[in-house]
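Notes for the one structure printed next.
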Amino acid sequence: MTALVCIVAGGKAVAFAAAVFTLAWTHWVEKSRWQERWVSTSQGFVLEEARVQGSGAGMEPGEDACREGDW
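Residues in the sequence shown are numbered consecutively from 637, following our numbering.
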């Protein structure tokens, strides 16, 4: 299912159509990279995968987390 995605950051807005998309950013305190993979479903957006290059306060991995390379 394709959905319209609208992202607002830094005073700018971007809209695009996508069935799957990835949000990625660098945590401003820990300086670690984050990635989230989202899928559009009939019920809305569903988080399919989250990846973090490190952990810190408030950034603990989930119970079923696994390490793959640098992630």
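All C-beta atoms, glycine included, are put in the ideal place defined by N, C-alpha and C. Since we're looking at a predicted model, the values are computed, not measured.
At least 9 Å separates the beta-carbon of W674 from that of V665. Less than 9 Å divides the Cβ of A654 from the Cβ of T638. Between the alpha carbons of A645 and D700 lies a gap of roughly 31 Å.
Contact check for G690 and S668: beta-carbon distance about 4 Å, within the 8 Å limit, so the pair qualifies.
One alpha carbon belongs to S678, the other to E684, and they sit about 15 Å apart. Within the DSSP bridge table, the entry for S668 names no partner. In the structure shown, W674 adopts extended strand secondary structure according to DSSP, grouped into three states.
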